[in-house]
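> Position one of the sequence shown corresponds to residue 1 (UniProt numbering), numbered consecutively onward.
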Amino acid sequence: MTSTRSATLFALALLAPALLYILVIVAYPLVDTIILSFTNASLRPGYDFIGWANYERIFGAGNFTEVIVRTFIWTFFSVSLKMIIGMAGAVLLNAAIPGQIVFRILTMPPWIVPMAIGIFMWGWMYNGQFGMISGLLQNFGITDGPIAWLAYGETAFWATIITDVWIGVPMVTIYFLAAMQSIPRDLHEAAWTDGAGRFYRFRRITVPLMVPAIITMSLLSLIATFNSFDIIWILTQGGPSGSTTTMIIDTYKTAMGSRRYGEGAARAVVISLFVTAFCIVYFRAVRKLQQGEAK
Numbered sequence: 001m002t003s004t005r006s007a008t009l010f011a012l013a014l015l016a017p018a019l020l021y022i023l024v025i026v027a028y029p030l031v032d033t034i035i036l037s038f039t040n041a042s043l044r045p046g047y048d049f050i051g052w053a054n055y056e057r058i059f060g061a062g063n064f065t066e067v068i069v070r071t072f073i074w075t076f077f078s079v080s081l082k083m084i085i086g087m088a089g090a091v092l093l094n095a096a097i098p099g100q101i102v103f104r105i106l107t108m109p110p111w112i113v114p115m116a117i118g119i120f121m122w123g124w125m126y127n128g129q130f131g132m133i134s135g136l137l138q139n140f141g142i143t144d145g146p147i148a149w150l151a152y153g154e155t156a157f158w159a160t161i162i163t164d165v166w167i168g169v170p171m172v173t174i175y176f177l178a179a180m181q182s183i184p185r186d187l188h189e190a191a192w193t194d195g196a197g198r199f200y201r202f203r204r205i206t207v208p209l210m211v212p213a214i215i216t217m218s219l220l221s222l223i224a225t226f227n228s229f230d231i232i233w234i235l236t237q238g239g240p241s242g243s244t245t246t247m248i249i250d251t252y253k254t255a256m257g258s259r260r261y262g263e264g265a266a267r268a269v270v271i272s273l274f275v276t277a278f279c280i281v282y283f284r285a286v287r288k289l290q291q292g293e294a295k
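(1) My output table needs one value for F103: the three-state DSSP class, helix, strand or coil.
(2) From this set, I58, T225, N94 and R259, which residue's C-alpha is nearest V269's C-alpha?
(3) Please name the residue, chosen from L289, D230 and T245, that lies closest to G118 on a Cα-to-Cα basis.
(4) Residues in the same chain with beta-carbon distance under 7 angstroms from A191, minus the five sequence neighbours each way, listed in chain order, please.
(5) Can you give me the C-alpha to C-alpha distance between R5 and F120, rounded to a whole angstrom?
(6) Can you give me the Cβ contacts of Y55 inside the same chain, cut-off strictly under 7 angstroms, excluding the 5 residues immediately before and after it?
(7) Determine the direct distance from the alpha carbon of S182 to that of M256, and round the result to whole angstroms.
(8) Is the CB-CB distance between V169 and G89 below 8 angstroms?
(9) What residue range does the alpha helix (DSSP H) around P29 cover?
(10) With DSSP as the reference, label I49 as helix, strand or coil.
(11) From what residue to what residue does the alpha helix (DSSP H) around A256 run?
(12) Is the Cβ-Cβ distance between T276 and T173 less than 8 angstroms?
(13) Measuring only the C-alpha atoms, how far is A148 from E154?
(14) Out of W166, G135 and V79, which has the shortest C-alpha to C-alpha gap to residue 323?
(15) Would you mind listing the alpha helix (DSSP H) stretches within the stretch 87-175 that are 4+ residues and don't spill past its ends, in chain order?
(16) Are the stretch 281-289 and the stretch 207-227 in contact at 8 angstroms, needing three or more beta carbon pairs?
(17) Would you report the Cα separation of S228 and F72, rounded to the nearest angstrom?
(18) Kindly identify the DSSP beta-bridge partner or partners of T39.
(19) With a threshold of 16 other CB atoms inside 10 Å of the CB of N127, please say whether the residue is buried or exposed.
Quick look at the structure:
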């Protein structure tokens, strides 16, 4: 009995740092945000509990539905492009070509450069008067005059996506490259001996064995992109006319810009619910994948 109790206490002691981290860093802020979302907290001292009023106000406003749709569209295209370009880059970097190490090093700058500096660089390139992109298009005769990419809703929306893809592709590429290199070469050699071409080997061997890595990276990229703040805020601050306002930008504007902390907390809770839904879908996909492999 004493040994069992000692083992239990020892196990709790080992778990204590992780439990403390979860309680202090995750659980307390989450519970506090949920409680705050049911209040009318603002700059005024004190606040009152108002029930579901904040949530009714959020979903009663038509613009929040537009923000949700815009966030999903922004996330979908950004994550999809990162997955496609990252996979293509991993295939190229995994190929036996001269100077392979140099090409791998060259993929890292977008990831290594501090995010704010990289975003400011893209903001400079998008500038219509002295930006590189507008200047090149004029020099090649593609456009007749300067284009202020961040001044128009449609172009600003896609400009933020391109910037996010540029920043996120290196991590996806390196992750997929590591997954590719963990695949036994014997499988490819056996398929090549049987006359299988490169595309067939990629489709039948590489992709199926990389499914766990693809699912994991898709979820990580999806969560990071869904909650992305820096890129949009530095480039457009959600403008012009709200064309690049996503849920995280809308939450920041409500809580910090308008000082409606209760309503901002409610919007943060909605974001948390969406992220939780993503995680549930991910774990179910992994479980089905593991069950399929077991059969």
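Heads up, the beta-carbon is just placed ideally off N, CA and C, and yes, glycines get one too.
Looking at the atomic coordinates:
(1) Here F103 sits in helix by DSSP.
(2) Among I58, T225, N94 and R259, the Cα nearest to that of V269 belongs to I58.
(3) The shortest CA-to-CA distance from G118 to any of L289, D230 and T245 is the one to D230.
(4) Counting only Cβ-Cβ distances below 7 angstroms, and skipping sequence neighbours, we find R201 and I205.
(5) R5 and F120: Cα-Cα distance of roughly 58 angstroms.
(6) Once the five neighbours on either side are set aside, the close Cβ partners of Y55 are A266.
(7) For the pair M256 and S182, the Cα-to-Cα distance works out to about 46 angstroms.
(8) Their beta carbons are under 8 angstroms apart, which means V169 touches G89 by this criterion.
(9) Y28 to L36 is the span of the alpha helix (DSSP H), which, as asked, contains P29.
(10) Sequence inspection shows Phe at residue 49; the Ile mentioned does not correspond to that position. Correct three-state label for F49: strand.
(11) Reading the sequence as shown, one finds Met at residue 256 and not Ala. It is not in any alpha helix (DSSP H) - M256 carries neither H nor E in the DSSP assignment.
(12) Cβ atoms of T276 and T173: not closer than 8 angstroms.
(13) Across the structure, A148 and E154 are spaced so that their CA atoms are roughly 11 angstroms apart.
(14) Lying before the first or after the last residue shown, residue 323 is absent from the chain, which here runs from 1 to 295.
(15) Listed in chain order, the complete alpha helix (DSSP H) runs (minimum 4 residues) inside the stretch 87-175 are 100-106, 109-112, 115-126 and 132-139.
(16) In short, these stretches touch, since the Cβ pair count reaches three.
(17) Answer to the nearest angstrom: the Cα atoms are 12 angstroms apart.
(18) Listed as beta-bridge partners of T39 by DSSP are F49.
(19) Classification for N127: buried.
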